[in-house]
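In terms of this note's numbering, the sequence shown opens at residue 92 and continues consecutively.
Yeah, the Cβ is synthetic: ideal placement off N, Cα and C, and Gly gets one too.
Keep in mind that this is a model prediction, so the values were computed, not measured.
Here's the structure, in structure tokens; my notes come after.
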Amino acid sequence: MGTKKHPILRGLIGLFLGLILFFFLIVLATFFIGKNSDLTLGEKIGVLPITGVISDSLTIIDQLQEFKKNTKVKAIVVRIDSPGGGVGPAQEIYEEIKKVRKTKKVVASIGSIGTSGGYYVACACDRIIANPGAITGSIGVVVEYANFEELLNKIGLKGVVLKSGKYKDVLSPIREMTAEERNLIQGVIDDIHRQFIFAVAESRKLSKSQVETIADARIFTASQAKKLGLIDALGNFQDAVNLAAQMGGIKGEPELLYPKRKLSFLEFLAKEAFQYGEKLLYFPYRFSYLFTFAH
Numbered sequence: 092m093g094t095k096k097h098p099i100l101r102g103l104i105g106l107f108l109g110l111i112l113f114f115f116l117i118v119l120a121t122f123f124i125g126k127n128s129d130l131t132l133g134e135k136i137g138v139l140p141i142t143g144v145i146s147d148s149l150t151i152i153d154q155l156q157e158f159k160k161n162t163k164v165k166a167i168v169v170r171i172d173s174p175g176g177g178v179g180p181a182q183e184i185y186e187e188i189k190k191v192r193k194t195k196k197v198v199a200s201i202g203s204i205g206t207s208g209g210y211y212v213a214c215a216c217d218r219i220i221a222n223p224g225a226i227t228g229s230i231g232v233v234v235e236y237a238n239f240e241e242l243l244n245k246i247g248l249k250g251v252v253l254k255s256g257k258y259k260d261v262l263s264p265i266r267e268m269t270a271e272e273r274n275l276i277q278g279v280i281d282d283i284h285r286q287f288i289f290a291v292a293e294s295r296k297l298s299k300s301q302v303e304t305i306a307d308a309r310i311f312t313a314s315q316a317k318k319l320g321l322i323d324a325l326g327n328f329q330d331a332v333n334l335a336a337q338m339g340g341i342k343g344e345p346e347l348l349y350p351k352r353k354l355s356f357l358e359f360l361a362k363e364a365f366q367y368g369e370k371l372l373y374f375p376y377r378f379s380y381l382f383t384f385a386h
């Protein structure tokens, strides 16, 4: 029998298809004008998540600039869950936040971890709030490399290097580091460490000697860090939002504006693969503000 002879069946099918279309439109609308929308009229707080190892700064800097230009955004919350990362990216984000602070208030919210480069970034903000048990600190620098010389000897392979200067293959994985090279690298590490100490002292209004006494890469709970002056207050993400709203002069409940677009799964995989390739390519020169748990 055809549906023409059964109007009730036709109606049910039409209703079902209509519900599917309605649901699809709701999902589509949520994707384009959901919580990440800038189409609403209220005053907003921009929320910038920084999660995982900080290996790139461009996306974060672009988003900071968008929030800075958006007249509806009155303040920014930088949500940090990061053990740190590359020196360059951390310093670039730090400097960009300082530029944004000239026109808008910025509050850092540390979730579970904000150490080393993650803490470096937080220091650029007007205020730092962290959960009491969050891990922070680790003011230090690390460079790692592997020496495969013995392994290559065991399998009968010998590395050959042609270079234009005696330091061109420093941290080479196919030979031992010389004492002179070790002094060279240690000098670079010490200089980067001094930059970190200066940034913390300047931003947290502490003396250099105060920071130096705790700048041996040790970690702290946020509760301990507050007593040392490394953060301003204990609290969760909502506390950071409330403080940002107050500092930004927002009356009433502020709307939260997140970055508009997230990477697709394929884009995420491509980005991760590219960054991993970069790490392998530039492996000998990977200086990091990074804290890692032993496994």
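*asked:* Can you tell me whether residue 109 is helix, strand or coil according to DSSP?
replied: Helix at residue 109.
_Local conformation of residue 237 per DSSP, three classes_ = It is coil, neither helix nor strand.
*Close Cβ partners of residue 426 (< 7 Å) along its chain, the five nearest in sequence each way excluded*: Absent from the model: residue 426. The displayed extent of the chain is 92 to 386, so no value can be given.
*Could you spell out where the alpha helix (DSSP H) holding residue 165 opens and where it closes?*
For residue 165, there is no enclosing alpha helix (DSSP H); the enclosing beta strand (DSSP E) has its first and last residue at 164-173.
*Please report how far the alpha carbon of residue 281 lies from the alpha carbon of residue 315, in whole angstroms.*
One C-alpha to the other measures close to 26 Å.
*Please say whether residue 196 and residue 320 have beta carbons closer to each other than 7 Å?*
Taking the C-beta atoms as reference points, residue 196 is found no nearer than 7 Å to residue 320.
*Which first and last residues belong to the alpha helix (DSSP H) in which residue 150 is found?*
Per DSSP, residue 150 belongs to the alpha helix (DSSP H) from 149-160.
*May I have the straight-line CA-CA distance separating residue 161 from residue 136, to the nearest angstrom?*
Rounded to whole angstroms, the gap between the alpha carbons of residue 161 and residue 136 is 10 Å.
*asked:* By the three-class DSSP mapping on this structure, what secondary structure does residue 196 have?
replied: Three-state DSSP puts residue 196 in a strand.
_Taking 8 Å as the limit between beta carbons, can you name the residues of its chain near residue 141, skipping five residues before and five after?_
Excluding sequence neighbours, residue 141 sits near 151, 169, 170, 171, 172, 173, 184, 209, 212.
*May I ask you to report which of helix, strand or coil DSSP gives residue 293?*
In the three-state DSSP reduction, residue 293 falls in the helix class (H, G or I).
*When 180, 186, 191, 227 are compared against residue 203, the one with the closest alpha-carbon*: When each option's Cα is compared against that of residue 203, the closest is 227.
*So residue 138 packs on residue 159, CB below 8 Å; how close in whole Å?*
Rounded, the Cβ-Cβ distance is 14 Å, inconsistent with contact.
*Whole angstroms is fine: what's the gap from residue 194's alpha carbon to residue 331's?*
Answer to the nearest angstrom: the Cα atoms are 19 Å apart.
*Under 7 Å between C-beta atoms of residue 310 and residue 207*: With contacts defined by Cβ atoms closer than 7 Å, residue 310 and residue 207 do not form a contacting pair.
*Using only alpha-carbon positions, find the residue among 276, 277, 299 that is nearest to residue 287.*
Considering only alpha carbons, the answer is 299.
*Among the residues of its own chain, which have a CB less than 8 Å from the CB of residue 306, if the five just before and after it don't count?*
Closer than 8 Å at Cβ, skipping near neighbours: 230, 231, 284, 287, 288, 291.
*Which residue spans inside the stretch 306-333 form an unbroken beta strand (DSSP E) run of at least 3?*
Taking 3 residues as the minimum length, the beta strand (DSSP E) runs contained wholly in the stretch 306-333 are 310-312, in order along the chain.
*Alpha carbon of residue 325 to alpha carbon of residue 216, nearest angstrom*: Near 15 Å, if we compare the C-alpha coordinates of residue 216 and residue 325.
_Rounded straight-line distance, which links the Cα of residue 303 to that of residue 317_ = Separation of residue 317 and residue 303 (C-alpha to C-alpha, rounded to the nearest whole angstrom) is 17 Å.
_Measuring only the C-alpha atoms, how far is residue 167 from residue 149?_
Computed Cα separation, rounded: 18 Å.
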